[in-house]
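For the sequence shown, the positions run 1 to 449 when the UniProt record's numbering is used.
Note sheet for the following structure.
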Amino acid sequence: MPGKLLSWPDWPEFTAAKGEPGDDLVGYKKAIVDKYGKDNIVKSWLKVCKELESVTSRIADQGTAVIPEIQFDEVFDLLPEKKQTLKDVGCFVVRNVFTREEADKWFTDLKEYVAANRSQIGGMITFVCMADESPGWPKETPFILNVYYSPTQIAARSHPNQLKLSEELNSWWHDQDGTYSPAPLSYADAVRIRPPGIPFRGLGPHIDAGSLCRWADPTYQSVYAAVFSGNPEALDNYDLTARKAANQAMFAGGAHSRVFRSFQGWTALTSAGLGEGSLMLYPNVKWTIAYLMLRPFFQPPDSDREEDMMDATKWTFDPDSPWFPGTFRSDSQLLSPTSHPHLRLRECMVGIPRMEAGDTMWWHADMCHAVEVEHNGDHDASVAYIAATPSTDENKRYIKRQLEDFLNGLPPEDFRRGPGERGFQLFLGEKGLLGGDAGRRAMGFDLLT
């Protein structure tokens with residue numbers, strides 16, 4: 001089907017032999033077993049693997065068509081069943097959030113800003129992600145840039161349509177104590193200008209918002225209590241009650257964000273289609289994350305037969321192994337066909353629909369995603385990383401610090417290795433904000449009082 005990889009890239013495979021050591025790892029597992037019980041964990045394992053049989057078959061059959069596409073104006077009047085479909089899939093394209101003219105100008109401005117300050121930008125962000133096994137992040141032609149406050153990014157984050165859309169997506173989440181607001185905050189992230197013809201293997205299948213902390217942090221772990229309790233079908237992927245206080249940065253690492261992003265997002269500054277260095281997603285949230293959380297507690301059968309490997313009843317409950325598949329403290333949560341076979345990643349990682357300048361792509365905080373290795377197009381593929389970030393207490397604390405750093409000429413806290421930009425040529429700072437008071441609130445100015 002359209003959107004599936006014809007051949008699997010040479011992304012790393014994760015095995016116990018390559019796992020991260022640590023005396024604490026078995027303790028994290030045993031704490032979960034003591035709290036929820038072996039029988040409940042095994043019960044969930046069998047349920048989740050059974051459900052994945054139909055989930056993976058549907059994705060493999062439909063490919064990119066699984067990913068919904070809607071127009072910007074449609075988002076705010078969705079029928080309940082349509083909204084539920086978008087939430088269940090967990091990813092979708094929102095078309096025409098900005099005009100083509102706006103996006104074209106932003107891309108032109110971005111290229112001028114980067115060219116004028118290239119010597120100070122100093123190349124690309126250096127993530128830990130897969131660094132030991134992938135050449136990744138080509139130094140000769142950096143394209144994920146240490147740039148956070150270009151006029152383009154500030155304008156795109158504070159544009160009224162971006163703020164309106166982000167608030168709507170944030171409102172799809174809920175909590176039980178009413179201490180969060182869907183009011184959007186502007187999290188400063190990077191920008192990409194990817195030229196064609198250069199392979200990039202640095203971002204294989206992964207899930208952001210932390211890795212080991214999902215099991216190790218008791219608050220974060222409680223987000224998935226239904227999974228460990230034997231009732232994975234009851235998992236509510238849009239419940240912020242516990243998640244808003246989860247410690248995503250429990251372990252130090254350049255891949256970890258300190259803020260909670262309800263949906264990660266790409267704002268397209270140019271067009272990009274399949275095979276043009278675009279995004280790949282695993283278009284299912286609930287059963288994918290449930291499987292990920294259970295996988296460390298089970299060992300595969302001693303067999304080379306695929307039918308044995310895919311038979312969940314033949315896996316052995318093993319809470320005594322220190323291995324968390326694809327989990328490294330300093331990195332995002334990584335996945336591979338070897339470490340997570342029931343996900344059928346080779347067949348179910350699908351390319352997103354073609355993006356045009358002014359479109360946006362959104363995916364749930366727990367969604368597995370990757371970036372295509374090849375860019376076989378004929379022009380740069382450029383996106384601004386702009387997420388939907390709700391007003392939780394922890395997010396507001398971060399955004400306040402982010403604004404203080406911005407006013408003092410420092411890069412954002414999550415990206416300290418980057419340069420400060422106040423001395424850059426063409427830098428506009430807060431004068432580049434759009435959206436009036438709403439744009440200033442999103443950037444955190446009201447938090448300074």
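Yeah, the Cβ is synthetic: ideal placement off N, Cα and C, and Gly gets one too.
Computed from a prediction, not measured in an experiment: that's the story for all the values here.
{"Query": "Reduced DSSP secondary structure (H/G/I, E/B, other) of Y220", "Result": "helix"}
{"Query": "Secondary structure of H342, DSSP reduced to three states", "Result": "helix"}
{"Query": "E167, buried or exposed, once every other Cβ within 10 Å from all chains shown has been counted against 16", "Result": "buried"}
{"Query": "Neighbourhood of D104 by C-beta distance below 7 angstroms, restricted to the same chain and skipping five residues each side", "Result": "A357"}
{"Query": "Exposure of D208, with buried meaning 16 or more beta-carbon neighbours within 10 Å", "Result": "buried"}
{"Query": "Distance, T179 Cα to residue 454 Cα", "Result": "For the chain, the structure presents residues 1 to 449; residue 454 sits outside this window and is missing."}
{"Query": "Any beta strand (DSSP E) of 3 or more consecutive residues that is wholly inside the stretch 215 to 275", "Result": "263 to 268"}
{"Query": "Buried versus exposed, by CB contacts within 10 Å (16 or more), N376", "Result": "exposed"}
{"Query": "The stretch 262 to 278 touching the stretch 159 to 173, judged by at least three CB pairs closer than 8 angstroms", "Result": "yes"}
{"Query": "Cβ shell of S181 (< 6 angstroms), same chain only, five flanking positions each side left out", "Result": "S391"}
{"Query": "Unbroken beta strand (DSSP E) run spanning R95, endpoints", "Result": "91 to 95"}
{"Query": "For P205 and A115, the rounded distance between their alpha carbons", "Result": "31 angstroms"}
{"Query": "Cβ neighbour criterion (16 or more within 10 Å) applied to S333", "Result": "Here residue 333 is Gln; the residue named in the question, Ser, does not match the sequence. Burial call: buried."}
{"Query": "Nonlocal neighbours in the same chain, by C-beta distance under 7 angstroms from G436, ignoring five residues either side", "Result": "none"}
{"Query": "Close-in-space but distant-in-sequence residues of the same chain around L410 (CB under 7 angstroms, 5 per side omitted)", "Result": "G420"}
{"Query": "C-alpha gap between N247 and D189, whole angstroms", "Result": "19 angstroms"}
{"Query": "For F228 and M130, the rounded distance between their alpha carbons", "Result": "In this prediction, M130 has a pLDDT of 37, which is less than 50 and means its spatial position is unreliable; nothing more can be read from the coordinates."}
{"Query": "Unbroken beta strand (DSSP E) run spanning V147, endpoints", "Result": "Segment: none, V147 is in no beta strand (DSSP E) and carries neither H nor E."}
{"Query": "Meets three-Cβ-pair contact criterion under 8 angstroms: the stretch 382 to 400 and the stretch 295 to 308", "Result": "no"}
{"Query": "T449 burial status per 10 Å Cβ neighbour count (16 or more: buried)", "Result": "exposed"}
{"Query": "Separation of L203 from P80, as counted between CA atoms", "Result": "35 angstroms"}
{"Query": "Rounded straight-line distance, which links the Cα of Q176 to that of F72", "Result": "29 angstroms"}
{"Query": "Which listed residue (V94, K50, E53) has its alpha carbon closest to that of A388", "Result": "V94"}
{"Query": "Proximity winner among L279, D239, A226, T219, relative to M250 (alpha-carbon distances)", "Result": "T219"}
{"Query": "Which listed residue (D393, L403, L5, R329) has its alpha carbon closest to that of K244", "Result": "D393"}
{"Query": "Reduced DSSP secondary structure (H/G/I, E/B, other) of R354", "Result": "coil"}
{"Query": "N-terminal and C-terminal residue of the alpha helix (DSSP H) that Y113 is part of", "Result": "100 to 116"}
{"Query": "The stretch 324 to 341 contacting the stretch 43 to 56, beta-carbon criterion three pairs below 8 angstroms", "Result": "no"}
{"Query": "Where Q221 falls, given that 16 or more other Cβ within 10 Å makes a residue buried", "Result": "buried"}
{"Query": "Per-residue DSSP class, three states only, for T64", "Result": "helix"}
{"Query": "Host beta strand (DSSP E) of M361 (start-end)", "Result": "360 to 364"}
{"Query": "L403 versus V147 - alpha carbon distance", "Result": "15 angstroms"}
{"Query": "I41, DSSP secondary structure in three states", "Result": "helix"}
{"Query": "Touching by the beta-carbon criterion (3+ pairs, under 8 angstroms), the stretch 424 to 440 and the stretch 150 to 158", "Result": "yes"}
{"Query": "Alpha-carbon to alpha-carbon, Y291 and S339", "Result": "11 angstroms"}
{"Query": "Q153 - DSSP class collapsed to helix/strand/coil", "Result": "helix"}
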